[in-house]
Amino acid sequence: MEYLSNGILEIEVSTVGAELQSIRRVTSPTEYLWQGDPAYWSRRAPVLFPITGKVWADTARIEGQAYALSKHGFVRDMPFTKVVDEDRHLAFSVRATEESRQVWPFDFELRIDYTLLRNVLTVGWSVTNHDSRVMPFQIGAHPALLYPRFHADDAVHGFLSCNVDVLHSTRITPNGFADSTAFDVELPKDGLLPLTNDTFACDTLLDTTDRLRRITLHDKDGKPFVTIQHTMPVTALWSPCNGQAPFVCIEPWHGCCDPEGYEGDFAARAFVEQVAPGETWSTNYEIIIE
Numbered sequence: 001m002e003y004l005s006n007g008i009l010e011i012e013v014s015t016v017g018a019e020l021q022s023i024r025r026v027t028s029p030t031e032y033l034w035q036g037d038p039a040y041w042s043r044r045a046p047v048l049f050p051i052t053g054k055v056w057a058d059t060a061r062i063e064g065q066a067y068a069l070s071k072h073g074f075v076r077d078m079p080f081t082k083v084v085d086e087d088r089h090l091a092f093s094v095r096a097t098e099e100s101r102q103v104w105p106f107d108f109e110l111r112i113d114y115t116l117l118r119n120v121l122t123v124g125w126s127v128t129n130h131d132s133r134v135m136p137f138q139i140g141a142h143p144a145l146l147y148p149r150f151h152a153d154d155a156v157h158g159f160l161s162c163n164v165d166v167l168h169s170t171r172i173t174p175n176g177f178a179d180s181t182a183f184d185v186e187l188p189k190d191g192l193l194p195l196t197n198d199t200f201a202c203d204t205l206l207d208t209t210d211r212l213r214r215i216t217l218h219d220k221d222g223k224p225f226v227t228i229q230h231t232m233p234v235t236a237l238w239s240p241c242n243g244q245a246p247f248v249c250i251e252p253w254h255g256c257c258d259p260e261g262y263e264g265d266f267a268a269r270a271f272v273e274q275v276a277p278g279e280t281w282s283t284n285y286e287i288i289i290e
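Residue numbers (my numbering): 1 to 290.
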């Protein structure tokens, strides 16, 4: 486990998947990140690569070849190497292996940076293509944020606010694929969407309209708790057990699950990024402790 603090916030990061394990204020025992109880969900904040969501029949078709690729990819389970350990900055890197090439036929390198500045944790991703071919890929975040003072029998566990008045959600099939239909979730006039035991009966709210930029989780009293700020085209909102878990995931993605029955080339999927040989693609998002 690796630790980082700036005197205001402190975080812990596992070298497996370079996954965040904890976010706390130095002066408070309050934990902001779900702690991985497998009764609900054993992960905390995995990085999804080289896909987000599922590919049809767990198969990615690349240049005429089929590769077995499970939901959210494999990097979250790979051992990373720490490459930066500085004041307020940690970075980790992983590179393709012979094993990873069996399911993803590219020589990639993924670097994940964590930087603390006042009350903001910036998470940066850099994808380098060491292969001789253009590499398509998807990448996403999956941080699980704890509800303050959670009680399972509460009618409302918290609230979400964001920079839009209506969420346009793609409908997700029971098997975890994108349906051809969508539905709207309109925020109340006060801008606070209640998070109840029914909010995630649809499994996931998946807005693919490239409009969401700032999403804040509020406590049961409406007080801002933690904010995710990003510039990615897709945002997934998810909580297991039909929303009866003690946390909600706010997930900015460069990617999306396959539509049902998709058997086309991976590079032709929606929301696929591409990086040329020898080049590096990068982006970041922020976790703001309110």
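We treat Cβ as the ideally placed atom computed from N, Cα and C, and that holds for glycine.
Of the residues assessed, Arg133 falls on the exposed side of the cut-off, its CB having fewer than 16 other CB atoms within 10 angstroms.
Per the coordinates, the alpha-carbon of Pro252 lies some 14 Å from the alpha-carbon of Leu167. Asp190 and Leu20 have their C-alpha atoms roughly 32 Å apart. Looking at the DSSP output, Leu212 sits in no beta bridge, so it has no partner there. Contact between Trp41 and Ala144 holds: CB atoms are separated by about 7 Å, below the 8 Å threshold. Rounded to the nearest whole angstrom, the C-alpha separation of Ala68 and Asp207 is 27 Å. Put simply, of Arg111, Leu212, Glu290 the residue whose alpha carbon is nearest the alpha carbon of His230 is Leu212. For a cut-off of 8 Å, the C-beta gap from Ala182 to Ser161 is around 21 Å, too long to register as a contact.
Straight-line spacing of the CA atoms in Arg76 and Arg111 works out to 12 Å. From the listed residues Asp219, His142, Arg95, the smallest Cα separation to Asp131 is found for Arg95.
Here Asp107 has Ala96, His130, Asp131 as same chain residues with Cβ atoms under 6 Å from its own Cβ, once five neighbours each way along the sequence are excluded. Distance between Pro224 and Ser5, taken at the CA atoms: about 22 Å. Excluding sequence positions up to five before and after Glu31, its CB lies within less than 7 Å of the CB of Ser22, Arg24, Leu146, all in the same chain and listed in chain order. Under the 8 Å Cβ criterion, the segment 240-250 does not count as touching the segment 272-280, having fewer than three qualifying pairs. DSSP places Asn175 in the coil class of the three-state scheme, outside both helix and strand.
Inter-segment contact for the segment 80-99 and the segment 51-69 is absent: fewer than three beta-carbon pairs are separated by less than 8 Å. According to the DSSP assignment, Gly243 belongs to the alpha helix (DSSP H) that extends over 240-243.
Cys256 is the residue among Pro240, Asp203, Ile51, Cys256 whose C-alpha sits nearest the C-alpha of Asp210.
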